[in-house]
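Enquirer: Following the working numbering from start to finish, the sequence shown increments by one per residue and tops out at 457. Take a look at this one; I'll ask things after.
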Amino acid sequence: LILLPHIATLGYGVGPGGEIIDTFPYFVSGVLHLISSAVLGFGGVYHSLIGPETLEESYPFFGYVWKDKNKMTNILGYHLIILGLGAWLLVLKAMYFGGVYDTWAPGGGDVRVITNPTTNAAVIFGYLVKSPFGGDGWICSVDNMEDIIGGHIWIGTLEILGGIWHIYTTPWPWARRAFVWSGEAYLSYSLGAIATMGFIACCFSWFNNTAYPSEFYGPTGPEASQSQAFTFLVRDQRLGANVASAQGPTGLGKYLMRSPTGEIIFGGETMRFW
Numbered sequence: 184l185i186l187l188p189h190i191a192t193l194g195y196g197v198g199p200g201g202e203i204i205d206t207f208p209y210f211v212s213g214v215l216h217l218i219s220s221a222v223l224g225f226g227g228v229y230h231s232l233i234g235p236e237t238l239e240e241s242y243p244f245f246g247y248v249w250k251d252k253n254k255m256t257n258i259l260g261y262h263l264i265i266l267g268l269g270a271w272l273l274v275l276k277a278m279y280f281g282g283v284y285d286t287w288a289p290g291g292g293d294v295r296v297i298t299n300p301t302t303n304a305a306v307i308f309g310y311l312v313k314s315p316f317g318g319d320g321w322i323c324s325v326d327n328m329e330d331i332i333g334g335h336i337w338i339g340t341l342e343i344l345g346g347i348w349h350i351y352t353t354p355w356p357w358a359r360r361a362f363v364w365s366g367e368a369y370l371s372y373s374l375g376a377i378a379t380m381g382f383i384a385c386c387f388s389w390f391n392n393t394a395y396p397s398e399f400y401g402p403t404g405p406e407a408s409q410s411q412a413f414t415f416l417v418r419d420q421r422l423g424a425n426v427a428s429a430q431g432p433t434g435l436g437k438y439l440m441r442s443p444t445g446e447i448i449f450g451g452e453t454m455r456f457w
């Protein structure tokens, strides 16, 4: 329910309107993950039962202790480079290898190649300084694939450069003093980062139908609210309610009302008091 739609957003097996026209790419992905999990499982059994207790004697490169600050930042650098390469893989897929699914493509959504990604730093980093409250929406307000792919160009490049920097430098004195250099501390830092990314992903999947198209993930919160409001409006109209003038307990239109800019919209009471 979570990972398979991501394959669809990458443009594999998808046709106009988000229709799945070929399931073979999903089968291939499943087989690759099955093989990968078997390799990982075998590696875990090997290192638990057969492999050396410590790696320093045979493979010094892979051996380390938690308090080795320089080694820890090297490992951080390797991870950043891998993450950066992953971001660039999305960029390459979107620009040169078939494109990605765009829910806003003409005709109701389709796979298209992103030929002109946004690289303007003011636009990309402008999302970071937006308010997360009200109508600004912080980075979750992105509404076009050009900005999403351009953002991955920036983040991928910065992660690769940051990874190289962490590999070839040692922690500065203030960093040595500020952080706790132990396995438990690294675990807590990682869990905190994962939790932060999880909360951001929740906001994206709940409100943003550009990164998470409704064709694959279901309606966003606002879309679901609008659909439910329309359902109640049609039902009550059939029951004889005057949907044009009915008011709710606070005086707002129960079914329909006029927005400050003049548009007729669903009433403010439609959802709250059902």
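All residues carry an ideal CB built from backbone N, CA and C; glycine is no exception. All values reported here derive from a predicted model rather than from experimental measurement.
Using the Cα positions of M380 and Q411, report the straight-line distance between them to the nearest angstrom.
Expert: By 1-based counting over the sequence shown, the position of residue 380 is 197. By 1-based counting over the sequence shown, the position of residue 411 is 228. Taking the straight line from one Cα to the other gives about 30 Å.
Enquirer: Can you confirm whether the region 321-333 touches the region 386-398 when touching is taken to mean that 3 or more C-beta pairs between the two stretches lie within less than 8 Å?
Expert: yes
Enquirer: Is it a yes or a no for the region 354-367 touching the region 263-274, going by three-plus beta-carbon pairs under 8 Å?
Expert: no
Enquirer: Taking Cβ positions, are T301 and E342 nearer each other than 8 Å?
Expert: For this step, residue 301 is matched to residue 118 along the sequence shown. For this step, residue 342 is matched to residue 159 along the sequence shown. Contact flag unset, no.
Enquirer: For G436, which residues does DSSP report across the bridge?
Expert: Your numbering for residue 436 matches position 253 in the sequence shown. Paired residue(s): Q430.
Enquirer: Restricting to runs no shorter than 4 residues, where is the alpha helix (DSSP H) found entirely within the region 292-370?
Expert: 304-309, 328-351 and 356-361
Enquirer: Let me confirm a value: I336 is counted as buried when at least 16 other C-beta atoms fall within 10 Å, else exposed. Which label applies?
Expert: Within the sequence shown, numbered from 1, the residue matching residue 336 stands at position 153. Buried, since its Cβ has 16 or more Cβ neighbours within 10 Å.
Enquirer: Does the structure place the region 198-206 close enough to the region 291-299 that three or more beta carbon pairs sit under 8 Å?
Expert: yes
Enquirer: What is the residue span of the alpha helix (DSSP H) that I258 lies within?
Expert: What you label residue 258 is simply residue 75 of the sequence shown in a count that begins at 1. First-last of the alpha helix (DSSP H) with I258: K252 to Y279.
Enquirer: Pick from H349, G224 and F225: whose alpha carbon is nearest that of G260?
Expert: As a first step, residue 260 is located in the sequence shown; it is residue number 77 there, counting from the start. Comparing Cα positions, the closest option is H349.
Enquirer: Within the same chain, show all residues whose beta-carbon is closer than 7 Å to that of F456, passing over the 5 residues directly before and after it, in chain order.
Expert: By 1-based counting over the sequence shown, the position of residue 456 is 273. Since pLDDT at F456 reaches only 43, below the 50 mark, its modelled position is unreliable, and no value is offered.
Enquirer: How would you label I264, buried or exposed, when you count the other beta carbons within 10 angstroms and need 16 or more for buried?
Expert: Counted from its first residue, the sequence shown places residue 264 at position 81. By the neighbour-count rule (16 or more Cβ atoms within 10 Å), I264 is buried.
Enquirer: When you compare only the Cα positions, how much space is there between G196 and Y229?
Expert: In the sequence shown, residue 196 corresponds to position 13, counting from 1. In the sequence shown, residue 229 corresponds to position 46, counting from 1. Cα to Cα, the separation comes out at about 37 Å.
Enquirer: Which one of D285, T353 and N299 has the shortest CA to CA distance from H189?
Expert: Reading the sequence shown from its first residue, position 6 is the one you call residue 189. H189 has its Cα closest to that of D285, out of D285, T353 and N299.
Enquirer: Cβ of V228 within 7 Å of any heavy atom in the ligand FMN?
Expert: The model on display carries no ligand, and the ligand FMN is accordingly not part of it.
Enquirer: Return helix, strand or coil for V211, following the three-state DSSP convention.
Expert: Position 28 of the sequence shown, counted from the first residue, corresponds to residue 211. Here V211 sits in helix by DSSP.
Enquirer: Is the beta carbon of A270 less than 8 Å from the beta carbon of G333?
Expert: Looking up residue 270 in the sequence shown gives position 87. Looking up residue 333 in the sequence shown gives position 150. No. Outside cutoff.
Enquirer: In the DSSP assignment, what residue or residues form a beta bridge with R421?
Expert: Numbered from 1 along the sequence shown, position 238 holds the residue referred to as residue 421. Paired residues: none, contrary to the question.
Enquirer: Here's the rule I'm using: 16 or more other beta-carbon atoms within 10 Å means buried, otherwise exposed. How should F449 be labelled?
Expert: Your numbering for residue 449 matches position 266 in the sequence shown. Classification for F449: buried.
Enquirer: Considering only the alpha carbon of each residue, which of Y395, L374 and G375 lies closest to A384?
Expert: Taking the sequence shown and counting its residues from 1, the one referred to as residue 384 is at position 201. Comparing alpha carbon positions, the residue from Y395, L374 and G375 closest to A384 is Y395.
Enquirer: Go ahead and pull the three-state DSSP assignment for I204.
Expert: The residue given as residue 204 occupies position 21 in the sequence shown. Three-state result, I204: coil.
Enquirer: Taking the beta strand (DSSP E) that I185 falls in, what are its first and last residues?
Expert: Here residue 185 corresponds to residue number 2 of the sequence shown, with the count starting at 1. Looking at the DSSP string, I185 is not in any beta strand (DSSP E), and its letter there is neither H nor E.
Enquirer: With 16 as the cutoff for other CB atoms within 10 Å, does N257 come out buried or exposed?
Expert: The residue given as residue 257 occupies position 74 in the sequence shown. N257 should be labelled buried.
Enquirer: Any idea if F399 is buried or exposed, counting beta-carbon neighbours within 10 angstroms, 16 or more meaning buried?
Expert: Working through the sequence shown from its first residue, we reach residue 399 at position 216. By the 10 Å Cβ count, F399 comes out buried.
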